[in-house]
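For reference, the structure is listed below as structure tokens.
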Amino acid sequence: MFDFWPRKSNAPNDSEETTFLKSTKRKLPEKYQGWRFGVLTCTVSTCLVLLINIFLPIGALAQHGWGRDGQPILYEGKCNTVSQMSTGLHLLINAMSTTLLCASSYCMQCLSSPTRKELDRAHKKKSWLDVGVLSPRNIRSISKSRRIRWLILGLSTVPLHLFYNSIVFASTGATLYYPLLVRETLLKPDTVIEPFNSTRREAVRAISFSSPDFVEEANGTYASLEEAKRLRDIYARGGLQRLENRDCFKAYTTQFQTRGSVFLVTTNDSFSDHFLSYFSGPWVTQDWACSAGSCDESSATELGMKDFWKHPETWSFDGVRVAYCLSETPAERCRLQLSLPIAIIVVFFNAMKAICMVTILLRLGEKMNDPPVMNLGDTVASFLDRSDTCTKNMGMTSLDNLRKALNMSHRWDTRAKEVKRKRAFRFGAASRTRWILTVVLYSTILTIAIWVTQDAISTTAYWQGQRSSATATSFAIMKSIGWGKVDVRTMININTKALITNAVIANAPQLVLSWVYFSYNGLLTLLALAREWESYAQKRKGLRVSSVPCGEQRSTYFLQLPYRIAVPFMIISGFLHWIISQSFFLVSVQLYAHSAAEGWKERLDNPATRVSIGYSLLPMVVGVVVGGCLLVGILAVGFTRFETAMPVVSSCSAAISAACQPLEEDDSEAATSAVQWGVVGYFPKGLEHCGFARGAVQQPVVGRRYR
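Residue numbering for the sequence shown follows the numbering used here, beginning at 55 and increasing consecutively.
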């Protein structure tokens, strides 16, 4: 068996071969300790997610068959039940997608972590590699097999986040119905029904054509007469539900109706016993009742709508007052469906991730003559055990010093550095490019999200006939639309019913959020690395290593980002992915109409039957607020200053190596002892040297020069 850290042998210090220290601690099998345990956890988690992704479609296929277009129905029934099931499943889906994302990130960091030989090779070329952070910089320097697996893990994230949230989707079952204004005497079976051919009906008919979801029958008058007779027969059997005006209006002013046709019963003497007034039709939406403004009680802006909600008994049409309603209540036909083609795509790329992780896991048992340097503690221990001559006499060198020197002369600066009174900002923990890219990406996404939200509110208000942009009105509009609900006001029509196309467009924000995750996670990791780095100047302690600890070293199962930061960030990331799934989602509307021969039947040829994209405003606002807090939080940390004079090295292997240079010869026991950074002694020319030591050190003095 082998240990991670080199053990001193009789070989010279400058030997290129890495030897190993004897460990004094044994808990798990050695190949599953430290960072290897993290790989094991990631592999098991990814395989469990893969099993769920495999058995869910297989179970659906076995129980429900392939279904139309490969979309078996998991459940059909009440719309509230479908909505709750959809929300629960999407919480599970986003938890699993976040698990895959975090597992991929962990394993990608392991694959891109350099070995000591790769570090030495880079330093000889006057370059450096990143340690303790997921970085594309290292990809050119690692082996081909690791590079291929790194790319597979990264690229497979793209299709997963483009499709995963659309593997399960809700389908709204909407009914075509007629609102029919009748006098009570018309409800008697022996009463003759005739159409009410007046200007009132023509006026209502003209208004109705403004609705995009209006469906006009070629023989509208005849159809309405037949519908009235059918409804009266149901009433005679006691099959209609009586609703008072408020309840009736509320029930029939929904964006997609699940009830059937309705009698609006009047007792007005001026309305003939034999005449039927119908509002053209049949209808899918509510526009016959309130085409000019919102029907929702909380967001009604028209004077007539406000008056109605205060006095529902005054509900009338051109002077004909409605006394009550008689409503048909067919069974609700909302569906929860599974897309088997999307499930196959998800399983394929999930399997690719699992295979890559299994190959990493299988290689853990192989002998590693040159093990990877995973985190800051690993790097410091490696350079304390065997120093790198390429970074000699550079003890106070920071990442910024290295960059400036290379830009000017293509050589590293070995001059002594003066300790400044003013401490550096923590922004220096990451490169300027990384900060700019992350902040610009984050700010751009937030700006677009804010603009989309505001534009959607304005469009919805205009669609409803509202002109006020006050906060109360905006919130009322968002509340009326609901959380992740299908609403005709917030449907995006892209002139295609293809499920795959709509899924890609609806889930594009999920992919963008994944990029933000990697970028933000990198900044968090570098800030945590800088905090750990500075802590070695504040107190003496053992190095935190990612493998089997030796001596006074400390063990850890995480790489660089502590659990107290990593776990909350993972939860927040999963929450944001779920928020995005509720903000933009697939919309499937299945239309049902009644016929004498077939009863209630789905009408696939109707234009109201569609697959498109919907959005919801409330989740957007929540996402903007949470995302804004994350951006402000990390910027606030960046504006704080370091507390010590320790050079800011970020994840730069060369700067870390320079800080680990010994005063004279390598200390064979420093790597496994409690160490502290500071002034360790004098060079022959009188300059003081700063570095790590297991003995006593002093803090650098402001104004003095050190090397």
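For every residue, glycine included, the Cβ atom is placed at its ideal position computed from N, Cα and C. None of the values given here were measured: they were computed from a predicted structure.
DSSP assignment within the stretch 370-423 yields the following whole beta strand (DSSP E) runs of 3 residues or more, N-terminal first: 378-382 and 388-392. Here Phe317 really is in contact with Leu234; their C-beta atoms are around 5 Å apart, less than 8 Å. DSSP, read as helix, strand or coil, puts Gly682 in helix. The C-alpha of Ser99 lies about 18 Å from the C-alpha of His144. Taking 9 Å as the cut-off, the beta carbon of Ile634 is found closer than this to the beta carbon of Asn219.
Using a C-beta cut-off of 8 Å, the stretch 598-608 makes contact with the stretch 725-739, since at least three inter-stretch Cβ pairs fall below that distance.
Only residues of its own chain outside the window of five on either side were considered, and among them His743 and Arg761 have a CB closer than 7 Å to the CB of Phe737, listed in chain order.
The three-state reading of DSSP puts Glu172 in helix, counting H, G and I together. Within the same chain, Cβ atoms closer than 7 Å to the Cβ of Asn561 are found at His215, Leu216, Phe217, Asn219 and Ser220, the five residues on either side in sequence being excluded.
The beta carbon of Thr663 sits closer than 8 Å to the beta carbons of Val643, Gln644, Leu645, Glu656 and Arg657 from its chain, once the five residues preceding and following it are set aside; these are given in chain order. Contact annotation: Met674 and Ser637 have beta-carbon atoms nearer than 9 Å. Around the Cβ of Phe109, a 10 Å sphere holds fewer than 16 other Cβ atoms; the residue is exposed.
The beta carbons of Met545 and Thr152 sit no closer together than 9 Å. For Gly628, there is no enclosing beta strand (DSSP E); the residue is part of the alpha helix (DSSP H) that begins and ends at Tyr617 to Ser637. Within the same chain, Cβ atoms closer than 6 Å to the Cβ of Asn107 are found at Val400, Val401 and Asn404, the five residues on either side in sequence being excluded. Beta-bridge analysis with DSSP links Glu472 to Arg759.
In this structure, DSSP gives Asp454 a helical state, which the three-state scheme calls helix.
Thr229 is bridged by DSSP to Tyr646. CA-CA distance, Met448 to Ala470, rounds to 8 Å.
In the pairwise beta carbon analysis, the stretch 385-393 is classified as not touching the stretch 561-575: fewer than three pairs are separated by under 8 Å. Bounds of the beta strand (DSSP E) holding Trp654 are Gly653 to Glu656.
Assignment of Ser189 by DSSP, reduced to helix, strand and coil, places it in the coil class. DSSP places Thr579 in the helix class (H, G or I) of the three-state scheme. Close CB contacts of Gly124 within its chain, under the 6 Å cut and outside five residues either way in sequence, are with Leu394 and Pro395 (chain order).
Among the bridge pairs identified by DSSP, Ala224 is matched with Leu390. Annotation for Gly745: no alpha helix (DSSP H) segment contains it, though the beta strand (DSSP E) segment containing it runs Glu742 to Ala747. Fewer than three beta-carbon pairs drawn from the stretch 159-173 and the stretch 120-139 are found closer than 8 Å, and the two stretches are therefore not classed as touching. By the CB criterion at 9 Å, Thr368 and Glu238 fall outside the cutoff.
One alpha carbon belongs to Gly757, the other to Arg477, and they sit about 13 Å apart.
Beta-bridge annotation (DSSP): Gln752 is paired with Val733.
If you look at Val212, you'll find it in the alpha helix (DSSP H) that goes Thr211 to Phe217. Ser573 is not a Cβ neighbour of Leu155, given a cutoff of 9 Å. Cα atoms of Ala377 and Lys304: separation of roughly 15 Å, rounded to the nearest angstrom. With a cutoff of 9 Å on beta-carbon distance, Phe696 and Glu586 are scored as not near each other. Of the residues Tyr160, Gly314, Thr694 and Ser441, the one whose Cα lies closest to the Cα of Lys171 is Ser441.
Excluding residues up to 5 positions away in sequence, Pro168, Glu172, Leu173, Ala176, Arg191, Asn192, Ser195 and Ser707 lie with their Cβ nearer than 7 Å to the Cβ of Leu183 in the same chain.
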